[in-house]
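Numbering (the working numbering), first residue to last: 904 to 1971.
Note that the Cβ used here is the ideal one computed from N, Cα and C, for glycine as well.
Everything on this sheet refers to the single structure shown next.
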């Protein structure tokens, strides 16, 4: 089984080297299932040490912590195996948040990194040695396999799925305390002889010393953070807010006696500290601790007691060399902080740098000293004065402060570098100053040798500074013209020219063309159709990344082109021809090439979008799912169920029902109820009863009637052309009753929008014209022309008004045609002059009098010169006002009378006064003449003098008559009788009633008892009618009724006709 395990493990190592990003879960599972002891399973790391040092009681939390740390360590290994490594792969920073919260939380995590190759320790992290260009692939892969295997076993143990749980159970039984040290059992013969660096004190402390200071024996143990500390260190360590709640257990006197062998005091960090223990090594017997001397603070040089952990003067640890006073940059770190990599100043709340995205460092590392430390108390005059600055060996940045850690790249430099053999002092000479410090000042040869060393150092640093300044100037010059520093570095590596910018402008195109041709030729040999032509932009990127190496640039071009083709293939573009063409046309830009390929694939869809007619929807299609998806996408239906409802309704659509897809969709959007939708699709017209969908019906804001489009258009077309503007009402219910001006404006504003879409242009313009005229008629200065019926605004105060249409004049008060004789005379004076001096007026007789007292609309003041006759219900042609031609009272339509308790409200009626022609026309002529005679009013019984007799006789009063050709103005023509002043009976009665109205005579004086009782019932409420006495005769009762009627219902100015007469007199 062991041979099979080794075979499978070697296969997994090879697979990991071949493809570091693949997980290979099957291979790992096979290795886990093999029942072998941990010492044979794990070849590189000490599993027992890791598990025992980091577990306190087999709790899932502890195992999960180890698994998380192993996951990050596995990623470190995979990154080292990846040919395209991260930018900063050579360094692991301790203040990296991911490293600090995962790997650094377990003991042994840093040792795994040392096994990977991070063998050089810095003040703030671990790094690869400078002489090692690439990690050892096989060793890194083997360590990564062990990390993967251990992590898989821990995960299976956490999920209770481990096939061999007893193997790890044995490991954790001995790991309940911190007694087991995590130090590696390394054989003395494997330690290289040249190593002289001691291991970190946090990992190889004596077991009887505090884990923090290493001076005092531990007295308190914290199970939460797995630390055994002395009282002072425990107080300091648990001051942190995240550790204040930890509970510490006092440690009794315990046998901490296992110590490291002396051979391990010089083991190097790159030694395999976590390799499996080897046979033959045994612990040496414990040695008694030596007395601890006092120590001096490296920052303020204060003498401290051996028990002190921090300096009593500056409160700093023993090895801290930073001065007590904070620099300006350290003070700035409390607020805004400067990135140690790119020097960009970031906000205090940011964790990663905004520019380079590297994490914020914990603080400036301790500053080292290039010279060997002298014993305290020796003469300090031997030390030479430090130079004002030094140049970093890695980034050539000139540092202003003393030390070895660069402010720019945060990397450590060895000041002075390797010294010449002639100037390097021998070991014997080095020991002399230590033994005889007093003789240095007096020995001229030693002083000369020291000056020579300083002079060589100064010359070396000057040379480095000069080279660095040249490079910086060159890079700044390149950036000024838009050339990247990487291009300058590549040009220097490739050509070695002193003027790289000039070389880039003149020679680089030829080099790139050659790189592109070589890459294209090699790409043609690629299986599967080649890699196509490589562009110069791709060649330039590869040449710059390879630092001017042509062969590597060609390889990078081909590798980049393969990855681009593979990426586009994953995105669905497997055909290589269009992919290579798109990459070439877009200069190797994958995103632009993807856009071009997607545009080509969507071209049929774009063409269909621009087609004039969209293909019809086939509701009989067998693919119902595709039909429903199309309805959802194109009709904006709210749900899949609504789309199903649309399909079913379309299939149930009657052949002649008038349903359309748009009607069904709108109804389905309104409600999910099938019955309600069918009612919406079969709405009945209130005029013709035609059933149509509700959305096709028209309705007015004044009522709830729904009208089909044909009836709506026909009704309003006829109403606009042949009727008045107030006749534009609902054809079904005749709503609204337009009386309020504000309601009228609101109604017509809405109606205007509806008529705009259904009327033709000519009819719609006529509607606007009539609406405008109606608004103008409301103006008090509006006048109607008596000659041509044209309306206009007359703002002058003169009586003579001239019509702008027919250019004729008339009087604005008496409405008579203007004559020169009217100038300077009142309207009554002019009428009297006409009667006495105008032969034409005298020839017309009483017909002219009736014509002068014609009809004038009480609403719009439009005058009608024709005499009365026939029906008393007059309908004004201008404003559509209904009124009585005798008394000017308003005619009310059915159920529109405002009078409460009106007995005739269900019919067309008007409330006439008792002296109106409407009632008096039923009296005979003799009775009317008697009323005039009783009141002393003179009336004519014969034609006036000078009246001209007409041919054929008959009444000569002009009337408007309906003929076959339409309305026509012509004389009355009825037979005249003697004593009627040349008029027919109807016009003679009209003449007499006009005199009665002019003199305000009350006809109640001639009422008989029956008429008196009937008129009182008409004008008086039933409660106010006086009761009849038991012995009261008809004449007495009639007289009492007439008196009450004349007292309570007097013929006063409230009568519209009387109000008109008063207004006319007030104007005169």
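Taking 8 Å as the cut-off, does the segment 1869-1888 touch the segment 1898-1909 (at least 3 CB pairs, one atom from each stretch)? The segment 1869-1888 and the segment 1898-1909 do not touch, with fewer than three beta-carbon pairs separated by less than 8 Å.
Do the segment 1422-1431 and the segment 1384-1395 meet, that is, are 3 or more Cβ pairs less than 8 Å apart? Judged by Cβ distances under 8 Å, the segment 1422-1431 makes no contact with the segment 1384-1395, as fewer than three pairs qualify.
Skipping 5 residues on each side, what residues in its chain have a beta carbon closer than 8 Å to that of residue 1695? 1685, 1686, 1688, 1706, 1707, 1708, listed in sequence order.
Along the chain, where does the alpha helix (DSSP H) containing residue 1423 start, and where does it finish? Its alpha helix (DSSP H) spans residues 1411-1427.
Can you tell me whether residue 1150 is buried or exposed, with buried defined as 16 or more other CB within 10 angstroms of its CB? Exposed is the call here.
Between the CA atoms of residue 991 and residue 1312 - distance to the nearest angstrom: So the two alpha carbons sit approximately 11 Å from each other.
Can you look up residue 1028 in the DSSP assignment and give me helix, strand or coil? In this structure, residue 1028 counts as strand in the three-state DSSP scheme.
Is residue 1240 buried or exposed, if buried means 16 or more other CB atoms sit within 10 Å of its CB? Residue burial is scored here from C-beta neighbours: residue 1240 has at least 16 other C-beta atoms within 10 angstroms and is therefore classed as buried.
Report all residues from its chain with a CB closer than 8 Å to the CB of residue 1147; omit the five preceding and five following residues, and keep chain order. Shown here for residue 1147: same chain residues with a beta carbon closer than 8 Å to its own, the five before and five after excluded, namely 1141 in chain order.
Among the residues of its own chain, which have a CB less than 7 Å from the CB of residue 1372, if the five just before and after it don't count? Closer than 7 Å at the Cβ level, and outside the excluded window around residue 1372, lies no residue.
Would you mind sorting residue 1293 into buried or exposed? The rule is 16 or more other CB atoms within 10 Å of its CB. Buried, since its Cβ has 16 or more Cβ neighbours within 10 Å.
With distance defined between alpha-carbon atoms, name the residue in 1126, 1360, 947 nearest to residue 1975. The displayed coordinates of the chain run from 904 to 1971. Any statement about residue 1975 would go beyond what the structure contains.
Checking the sheet assignment: what are the DSSP bridge partners for residue 1594? The secondary-structure analysis by DSSP pairs residue 1594 across a beta bridge with 1587.
Residue 1671 versus residue 1636 - alpha carbon distance: For residue 1671 and residue 1636, the distance between alpha carbons rounds to 24 Å.
Looking only at DSSP bridge pairs, what is residue 1694 linked to? In the DSSP assignment, residue 1694 is bridged to 1687.
Starting from residue 1714 and walking both ways along the beta strand (DSSP E), at which residues does that stretch end? That run of the beta strand (DSSP E) goes 1712-1714.
Span of the alpha helix (DSSP H) holding residue 1890? Counting along the chain, the unbroken alpha helix (DSSP H) around residue 1890 starts and ends at 1888-1901.
Cβ contact check for the segment 1475-1488 and the segment 1526-1540: 3 or more pairs under 8 Å: Between the segment 1475-1488 and the segment 1526-1540 there are fewer than three inter-stretch CB-CB distances shorter than 8 Å, so the stretches are not counted as touching.
Leaving out the 5 sequence neighbours to the left and right, which residues in its chain are closer than 6 Å to residue 1703 when beta-carbon positions are compared? Sequence-distant partners of residue 1703 (beyond 5 residues in either direction) whose C-beta falls short of 6 Å from its own C-beta, in its chain, are 1712, 1721.
Can you tell me which residues form a DSSP beta bridge with residue 1861? DSSP, once it has assigned bridges, lists 1874 as partnering residue 1861.
State whether the segment 931-948 contacts the segment 987-1002, with contact taken as three or more CB pairs (one from each stretch) at a distance under 8 Å. No contact exists between the segment 931-948 and the segment 987-1002.
Can at least three beta-carbon pairs, one atom from the segment 1567-1574 and one from the segment 1545-1554, be found at a separation below 8 Å? Contact holds: three or more Cβ-Cβ distances are below 8 Å.
Segment contact flag, the segment 1581-1594 with the segment 1542-1549, C-beta cutoff 8 Å, min 3 pairs: Under the 8 Å Cβ criterion, the segment 1581-1594 does not count as touching the segment 1542-1549, having fewer than three qualifying pairs.
Which class does residue 1262 belong to by DSSP, given the choice of helix, strand or coil? In the structure shown, residue 1262 falls within a strand segment according to DSSP collapsed to helix, strand and coil.
Decide if the segment 1013-1029 is in contact with the segment 921-930; the criterion is three or more beta carbon pairs, one per stretch, under 8 Å apart. Segments in contact, no.
Assuming residue 1418 contacts residue 1460 under a Cβ cut-off of 8 Å, what Cβ separation, rounded to an integer in Å, is found between them? Correct: roughly 7 Å between the Cβ atoms.
Neighbourhood of residue 1628 by C-beta, 7 Å cutoff - its chain only, sequence neighbours within 5 removed: Shown here for residue 1628: same chain residues with a beta carbon closer than 7 Å to its own, the five before and five after excluded, namely 1673, 1674, 1677 in chain order.
Which residue wins for smallest C-alpha separation from residue 1475, given the options 1207, 1500, 1452? The option with the nearest alpha carbon to residue 1475 is 1500.
Close Cβ partners of residue 1604 (< 7 Å) along its chain, the five nearest in sequence each way excluded: Only 1650, 1653 meet the Cβ criterion.
With H, G and I counted as helix, E and B as strand and the rest as coil, what does DSSP make of residue 1740? Helix.
Using only CA atoms, which one of 1946, 1842, 1572 lies nearest to residue 1543? If you compare the alpha carbons of 1946, 1842, 1572 with that of residue 1543, the shortest gap goes to 1572.
Looking only at DSSP bridge pairs, what is residue 1618 linked to? Looking at the DSSP assignment, residue 1618 forms no beta bridge with any residue, so it has no partner.
Straight-line Cα distance separating residue 1816 from residue 1790: Going from the Cα of residue 1790 to the Cα of residue 1816 covers about 7 Å.
Three-state secondary structure (DSSP) of residue 1021: Here residue 1021 sits in coil by DSSP.
Nearest candidate by alpha-carbon position, reference residue 1563, set 1304, 1939, 1522: The candidate whose alpha carbon is nearest that of residue 1563 is 1522.
Count the other CB atoms, across all protein chains shown, that sit within 10 Å of the CB of residue 1384; report buried if there are 16 or more and exposed otherwise. The residue is exposed, with fewer than 16 neighbouring Cβ atoms inside 10 Å.
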